[in-house]
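Chains as they are written, first to last, in our numbering: chain B, 7 to 202; chain P, 7 to 202; chain Y, 7 to 202; chain V, 7 to 202.
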DNA sequence: ATCTAAACGAGACGGTACGTCGAGTCTTACC
DNA sequence: GGTAAGACTCGACGTACCGTCTCGTTTAGAT
């Protein structure tokens, strides 16, 4: 029952400095331009310390996301009893956040990183959509029970559609503004045929 | 109106070989791992010939897209009179294409490239969604006139939602399968509340 | 017996401009740093025009020397009847010329070029030492006949010694000044043992 | 007085391999044709390791000379009491060495390098003539005291004359053979007027 | 006076090497 | 044994020139 090794523990100072430097750099120069040497220099840390604990640039980014240092997860708003209103509030807020170019740039960095690192992709989507998806699933079921909606659509599909729209807009840089939130939520609930 | 100068014209052979090599490499190794030296070697071309005509890796990719060498634009199917069926067919097809890992990998490469090159993003989205958006807008208007639908939703929003879903699925690698196409199109037309 | 070709003759204008540009550039930037593209640009001439008539950078330089554009051959002074005085005047003059840094730099360029182009070396030494050697041989023989000297030393050896000293001084950049001319000529005639 | 930092020391293995590769290549292909990439490849060393420690191709060559890897300094022979004989032995040996084309080629490389790098020139001449000049100066003075010679000629001038002849012969590739050694040394001591 | 073929200016081509950056690994001294 | 520092090998970057190859234009004979 003795401790496994009488040795120096990992430096929390170094770990924190690395994550902070990564968070700053990805926003400043973008994912592609961010180098591990740059992170090490900014964090006053040896490169080996990074390679000892992470296997790639995107893995550090993944840990930043898990720590909530970047893209803090936007929770679904508290249940007001009206799923439609709740989603609308949430979606408007999400689109509003993208008005800040720094946030948009950061999300592009994450998308770029996720595109060629499946592990980061998994972490990212678990982190970003996991909580929402869980409560979304619960609420959809509840709303179905209440007769509020009548659909076999899975929570995954709804999430996919909403997040997909966000990501698409970020990538296309079309800057369409948050006004489309209303139209999309309307369509989501009423369909193109409109409410009766 | 004078011609700039009488000199050796640009080699079409080189241009074509570069685009072909790029198309192959981005699918084989991904956008990040693809190097300009690799393209030059594969195309039997001097590096300078690439740098003379393109300013970046992503610019070559953009030209590949414009030439239709990669991701040939999937047109909306001919108008059968039923917009819903047409969209369903189109969306199923698009999702089906992503079943091929090569296509998925290629799309991830394009997304990654678009994330840090606004110019490529513009070309890509113009090329990929432009034709669809035009006919989509026409059909939406037509369907509205026919009473088939009743929505103020713009064609851009519809496109955004459908393409966003595709991109999101590609990035998340969740491999959900094409079955969700039906659910999404149902929701798009009927809403979560279902058809009456 | 017909002329070989009824065609446009070589452009003297281009030839002259190329030689002039070469002369200027080798003095300005040195032999190694001088590029054929640079010569072509400076002479407002196509590269092909250079390659059509010369096979290398050093070949152009060789022609410059032959044209007397650089390092105009310093002739032995007229025969005053006293070989020793004549040589002293000549050698002092030669060392004096090297006081001009431009001349020194140019000679270093020629040496560098000659070091890896045997053809240029041949032209250069033929041109630079040929005339001197011929008259030197005659004078040595004459002086020997007059009893002025008494040596089996060939004119080649004398030339070699005098020019060698010049080249060596240029390369070593020791900047010893022209005063050593007297000592060397004294030694050449009287030997280390001194005149009796 | 603090040490700069405790870090990985320079690799002696790499340094040695680089110098050896340079020594081989300069003899094989000549100074101009020798590339830094070629040295790096031959030495199994990254280019950066070369650029980290040397600022140019000629600087590496200079270090080779300093290490005695190329052109090991030919010492004056032990003092037999007869300066003239000693110089003759030395000069014959030096000219004999140039009979080996590899040595001649190597010396041409060094001359070419020295022509456009003053630093290398300084190292080269310090290294090649320094030891000889010192002992030469001593012997000249001694011989003068003994009445063997009677000349104000400095050791520098003698060195210049002898080395100059060697360099000149190398550059002109006239391949005159070592027989001229006797004539030159005769002249050096007796003068053109011959011994009395 | 027209014809014609090589020389010309320009510059794109396939390459080689440059000197720099960063990747991921290693070797120090220090803690 | 973890850490800061930084040297190591390696590969790619974007640039400069190499020597070759088209282009359209120019120009001096030969007809």
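Ideal placement from N, C-alpha and C gives every residue a C-beta, glycine not left out.
{"Asked": "Give a yes or no on whether 8 Å exceeds the smallest Cβ distance from residue 142 of chain Y to chain V.", "Found": "no"}
{"Asked": "Going along the chain, which residues of its own chain have a beta-carbon closer than 8 Å to the beta-carbon of residue 142 of chain P, five neighbours each way excluded?", "Found": "82, 161, 164 and 165"}
{"Asked": "Closest by CA to residue 26 of chain Y, which one among Y:69, Y:137 and Y:150?", "Found": "Y:69"}
{"Asked": "Given a limit of 7 Å on CB to CB distance, which residues of the stretch 131 to 156 of chain V reach chain Y?", "Found": "131, 155 and 156"}
{"Asked": "Can you give me the C-alpha to C-alpha distance between residue 189 of chain V and residue 167 of chain Y, rounded to a whole angstrom?", "Found": "11 Å"}
{"Asked": "Tell me, to the nearest whole angstrom, how far the beta carbon of residue 119 of chain P is from that of residue 112 of chain P; I am working on the premise that it is less than 8 Å.", "Found": "Not confirmed; about 11 Å, so no contact."}
{"Asked": "Apart from the five residues just before and just after residue 92 of chain P, which ones in its own chain have a Cβ nearer than 7 Å to its Cβ?", "Found": "82, 83, 85 and 86"}
{"Asked": "In or out: residue 178 of chain V buried (at least 16 other Cβ within 10 Å) or exposed?", "Found": "buried"}
{"Asked": "Consider the Cβ of residue 122 of chain P: report whether some Cβ of chain B lies at a distance smaller than 8 Å.", "Found": "yes"}
{"Asked": "Going by Cα to Cα distance, which pick from B:38, B:30, B:50 and B:20 is closest to residue 59 of chain B?", "Found": "B:20"}
{"Asked": "For residue 32 of chain P and residue 49 of chain V, what's the separation of their Cα atoms in angstroms?", "Found": "34 Å"}
{"Asked": "Going by Cα to Cα distance, which pick from B:40, B:89, B:196 and B:90 is closest to residue 66 of chain B?", "Found": "B:40"}
{"Asked": "In chain order, what residues of the same chain have a beta carbon less than 7 Å from the beta carbon of residue 42 of chain P, not counting five sequence neighbours either side?", "Found": "53, 56 and 63"}
{"Asked": "In three-state terms, what does DSSP make of residue 73 of chain Y?", "Found": "helix"}
{"Asked": "What first and last residue would you give for the alpha helix (DSSP H) that runs through residue 171 of chain V?", "Found": "161 to 178"}
{"Asked": "Starting from residue 102 of chain P, follow the alpha helix (DSSP H) in both directions and report where the run begins and ends.", "Found": "89 to 103"}
{"Asked": "8 Å is my cut-off, CB to CB: does residue 189 of chain B come that close to chain P?", "Found": "yes"}
{"Asked": "So with CB distances below 9 Å, who are the chain B contacts of residue 103 of chain P?", "Found": "Under the 9 Å cutoff, chain B gives no residues; its nearest Cβ is about 16 Å from residue 103 of chain P."}
{"Asked": "Below 9 Å between beta carbons is the criterion; list the residues of the stretch 29 to 47 of chain V that meet it against any residue of chain Y, in chain order.", "Found": "36, 37, 38 and 39"}
{"Asked": "Among the residues of its own chain, which have a CB less than 6 Å from the CB of residue 195 of chain V, if the five just before and after it don't count?", "Found": "90"}
{"Asked": "Can you give the Cα-Cα distance for residue 30 of chain Y and residue 124 of chain V, rounded to whole angstroms?", "Found": "21 Å"}
{"Asked": "Determine the closest residue to residue 149 of chain P out of P:12, P:171 and P:88, with distance taken between C-alpha atoms.", "Found": "P:88"}
{"Asked": "Run through DSSP, which three-state label would residue 13 of chain V get?", "Found": "coil"}
{"Asked": "Output the distance between the C-alpha atoms of residue 95 of chain V and residue 17 of chain Y, rounded to the nearest integer angstrom.", "Found": "56 Å"}
{"Asked": "Comparing alpha-carbon positions, which option in V:169, V:22 and V:15 lies nearest residue 174 of chain Y?", "Found": "V:169"}
{"Asked": "Find out if the Cβ-Cβ distance for the pair residue 115 of chain P, residue 36 of chain P is shorter than 8 Å.", "Found": "yes"}
{"Asked": "Compute the Euclidean distance between the alpha carbons of residue 130 of chain B and residue 22 of chain V, then round it to the nearest angstrom.", "Found": "49 Å"}
{"Asked": "When you compare only the Cα positions, how much space is there between residue 202 of chain Y and residue 121 of chain V?", "Found": "Caution is warranted here: a pLDDT of 49 is assigned to residue 202 of chain Y, below 50, making its placement in the model unreliable, and the coordinate value is therefore given only provisionally. Using only the alpha carbons, I get a separation of about 41 Å."}
{"Asked": "Classify residue 7 of chain V as helix, strand or coil using the three-state DSSP reduction.", "Found": "Legend: pLDDT at residue 7 of chain V = 47, less than 50; position of this residue unreliable, value from coordinates given subsequently. It is coil, neither helix nor strand."}
{"Asked": "Mind checking whether residue 75 of chain Y and residue 134 of chain Y have CB atoms under 8 Å apart?", "Found": "no"}
{"Asked": "By a C-beta neighbour count over all protein chains shown, 10 Å radius and 16 as the cutoff for buried, is residue 46 of chain Y buried or exposed?", "Found": "buried"}
{"Asked": "Measure how close the beta-carbons of residue 176 of chain V and residue 110 of chain V come, nearest whole angstrom, since I'm counting them as under 8 Å.", "Found": "6 Å"}
{"Asked": "With a threshold of 8 Å between beta carbons, is residue 71 of chain B in contact with chain P?", "Found": "no"}
{"Asked": "Whose C-beta lies closer than 7 Å to the C-beta of residue 145 of chain P among residues of the same chain, with five residues either side of it excluded?", "Found": "85 and 89"}
{"Asked": "Using a Cβ cut-off of 7 Å, pull out every chain B residue sitting near residue 178 of chain P, in sequence order please.", "Found": "127 and 131"}
{"Asked": "Excluding the five sequence neighbours on either side, which residues of its own chain have a C-beta within less than 6 Å of the C-beta of residue 187 of chain V, listed in chain order?", "Found": "97, 98 and 101"}
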